[in-house]
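Residue numbers (our numbering), protein chains in the order written: chain A, 1 to 435; chain B, 1 to 376.
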């Protein structure tokens, strides 16, 4: 049996168990977390024990993201409070799908994983409060269905060209234009999951409207899994897809940067646009020769830790207006959000710096000066939009600590720990990514 | 050729970093931060990076006489223009900030005439006396509830004797008082090197820098006279916070010492840097004709400031209260505004309409695939 199926199995079993326990859990969110967390941790341990690198990085980082998200479930402002059990189960099932997609060895396997992940993500987005979340989830779903259609069409073309569902090799791609077209279509279908321009539309709205307790998971799990899968496809199929990814990645950086700069008073949408920019960095890295995919998964794993920290500090905020500019309750959250924003903008010695540095190095070597310069400019301008909320955060630091609210800070603490540890020892993640 | 292009790009980068020429306006605007930050990054570390970059890469600049000439001219004109600009500042810290821009102009001019060690030496001494000026100013500003405008600080410096002495020592070093201050050694080194430069434009640069010292005396004399010598108007503004003031006063002591003795470290420093710089220009001694002339000119400027702001009892308010306008900054402002307008327009494409999204996906994909075919 393929080793990676073990953690997937643990996660699926956990999801089913939590669903069966719905009557016991009711609307008590902390119970949902308590039942689901052991399965997430067990899957990580199993993955660490028996899965070889670099797939082990996929298992560990995805399980870590899921466990952090499970810690945030008590802060989920679900439209219907009794849905917390379903939220926990969807987190486990989505993680199972993401691991399947990330470690897929053939295309059918990848599609099944991708759909499990995408459906879980859409439903998690829909759990948020208000019409806005439902609308965003619906659009995410429809656009996802369109891109899935393209992906399946590409799958068919590859099967026509090569007679199998295995990732095609460079020789097969060169031999048959049908296979090439299929590879491009499959690559673009995976690019939707990564949220690359011009397939980012639905993701952007979903990232904006999702409840902060689940937004971090939706954003980082899909990027991680898609980076792994696209990396494998690029490594197998060679240069044809690389060139497209380099330019699509550069365009995505430009689009995301302009979009984020425009969001002067809309913090969540700025974060969503910046997630598009980060997807652009991953896409650019994926196109960069033999070491590019390694760099891309490293970047995605680091991005996961930063996004989880930022959304952990935003989770459970009772601010009715989502436009409020990075305002959080309490000093711990303000400091954590500040750390997350610094890291996302890539200021040393935060993990975001190492990730951006790694991408710039491979881009300079493999993609040439222009994409590298675009990436540098994207990184420089990101400081502008990420650090704009800092005065508000300082105001939160000066304010008297509020004693009226008692929210769980576990997610914030663990997220901050992850970011600090990766910032101090990026080599650990890099070693796992390189395998 | 390649060396020229390289030298131009290095020069532009260094000019922006060290606030030279048309790229100076960010520095006085960055004075919004607290005074210790100004002392650290605007006197010593951050603006120094551009000068340092040029001194480390002077081998490239040596291959490119045109760029060297441009550096020298930009340095001199920045030194003169920023000195004049400092005279028109109504804000205490901005007055000192323009002085920093002017002194960086001296360093650029030194690089431009082929004397990188003189530039580094002036960077070294300037760091200590400019930090001294900033911190001395900070003591007064702290003692009057954070007021920074010269009109509201008029004469209040006399209640902070330590700060007054510190500012005086810093001012003397800035003008270049021979023998007893560090600034004299390094400024003489720059002017001497320019006069003796093999480049044809060297002596011209040297004379301009020499005459510029009048302006130095004038602007620092203006600040000193208004804040520390003038008759105080608003006595109630002063509040003494003994504990905080003591610790602030102590922080001036090492800087005072540095402003006085660092000049004698020149030949030692030159020996240490001989490897990376490969530098051979001779350092002038403590007393040189040019040094004395420079000090005389600086003293004339200081005396003029004293006469204008103290002897003439009614100083014209126009000089003190005029708010500076940052005209040079407006083109950057225009670019930034245009950039935000573009980003606003692009962001409006994402309107929330599902049909637009689907269309955008298809059109975008088609364009990417077509472009790929076109550029293959």
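Beta carbons: idealized from backbone N, C-alpha and C, even for Gly.
Rounded to a whole number of angstroms, what is the C-alpha to C-alpha distance between residue i and residue j?
i, j, result
"residue 347/B", "residue 296/A", "26 Å"
"residue 210/B", "residue 386/A", "46 Å"
"residue 276/A", "residue 163/B", "52 Å"
"residue 310/B", "residue 220/B", "14 Å"
"residue 229/B", "residue 146/B", "20 Å"
"residue 98/A", "residue 341/B", "38 Å"
"residue 228/A", "residue 162/A", "23 Å"
"residue 185/A", "residue 57/B", "50 Å"
"residue 138/B", "residue 36/B", "7 Å"
"residue 354/A", "residue 426/A", "7 Å"
"residue 308/B", "residue 394/A", "44 Å"
"residue 105/B", "residue 153/B", "28 Å"
"residue 10/B", "residue 115/B", "17 Å"
"residue 214/A", "residue 156/A", "34 Å"
"residue 187/B", "residue 176/B", "7 Å"
"residue 115/A", "residue 50/B", "53 Å"
"residue 382/B", "residue 161/B", "Past the edges of chain B, shown from 1 to 376, lies residue 382/B, and the structure says nothing about it."
"residue 290/B", "residue 233/B", "41 Å"
"residue 100/A", "residue 57/A", "13 Å"
Compare the C-beta of residue i against all C-beta atoms of chain B and say whether one is closer than 8 Å.
i, result
"residue 146/A", "yes"
"residue 373/A", "no"
"residue 348/A", "no"
"residue 255/A", "yes"
"residue 205/A", "yes"
"residue 194/A", "no"
"residue 377/A", "no"
"residue 248/A", "yes"
"residue 188/A", "yes"
"residue 262/A", "yes"
So which of the options has the shortest CA-CA distance to residue i?
i, options, result
"residue 74/A", "61/A, 84/A and 80/A", "84/A"
"residue 348/A", "371/A, 379/A and 335/A", "379/A"
"residue 273/A", "229/A, 292/A, 209/A and 309/A", "209/A"
"residue 429/A", "101/A, 59/A and 86/A", "59/A"
"residue 203/A", "352/B, 51/B, 270/B and 39/B", "352/B"
"residue 36/A", "95/A, 5/A and 152/A", "95/A"
"residue 166/A", "391/A, 107/A and 116/A", "107/A"
"residue 235/B", "303/B, 284/B and 159/B", "159/B"
"residue 240/B", "20/B, 156/B, 293/B and 215/B", "156/B"
"residue 102/B", "64/B, 25/B and 285/B", "25/B"
"residue 38/A", "172/A, 67/A and 61/A", "67/A"
"residue 54/A", "308/A, 303/A, 232/A and 419/A", "232/A"
"residue 136/A", "207/A, 113/A and 88/A", "207/A"
"residue 344/A", "181/A, 308/A and 264/A", "308/A"
"residue 40/A", "30/A, 24/A and 61/A", "61/A"
Give a yes or no on whether 8 Å exceeds the smallest Cβ distance from residue i to chain A.
i, result
"residue 146/B", "no"
"residue 246/B", "no"
"residue 298/B", "no"
"residue 9/B", "no"
"residue 340/B", "yes"
Taking residue i as the query, report the chain A residues whose CB atoms sit under 9 Å from its CB, ordered along the chain.
i, result
"residue 272/B", "Here the premise fails: no neighbours, minimum Cβ distance about 29 Å."
Just to make sure I have the definition right: I need the residues of chain B whose C-beta is within less than 8 Å of the C-beta of residue i. Which are they?
i, result
"residue 394/A", "Neighbours of residue 394/A on chain B: none; closest Cβ ~13 Å, over 8 Å."
"residue 259/A", "343, 346, 347 and 350"
For residue i and chain E, any beta-carbon pair shorter than 8 Å?
i, result
"residue 5/B", "No chain E is present in this structure, whose protein chains are A and B."
Listing by chain order, which chain A residues have their CB less than 7 Å from the CB of residue i?
i, result
"residue 357/B", "139, 143, 201 and 202"
"residue 354/B", "139 and 142"
Please list, in chain order, the chain B residues whose beta carbon lies closer than 9 Å to that of residue i.
i, result
"residue 244/A", "368, 369 and 372"
"residue 198/A", "360, 361, 362, 363, 364, 365, 367 and 368"
Can you have a look at residue i and say buried or exposed, based on whether 16 or more other CB atoms are within 10 angstroms of its CB?
i, result
"residue 89/B", "buried"
"residue 397/A", "exposed"
"residue 274/B", "exposed"
"residue 362/B", "exposed"
"residue 247/A", "buried"
"residue 200/B", "exposed"
"residue 326/B", "Unreliable positioning characterises residue 326/B in this predicted model, as indicated by a pLDDT of 36, which lies under 50. A coordinate reading is not provided."
"residue 270/B", "buried"
Going along chain B in order, which residues have a C-beta closer than 7 Å to the C-beta of residue i?
i, result
"residue 72/A", "Near residue 72/A there are no residues of chain B at all, since even the closest Cβ is about 27 Å away, more than 7 Å."
"residue 175/A", "Within chain B, no residue comes near residue 175/A; the closest Cβ sits about 18 Å away, beyond 7 Å."
"residue 334/A", "The premise fails here: residue 334/A is roughly 20 Å from chain B at the closest Cβ pair, so nothing lies under 7 Å."
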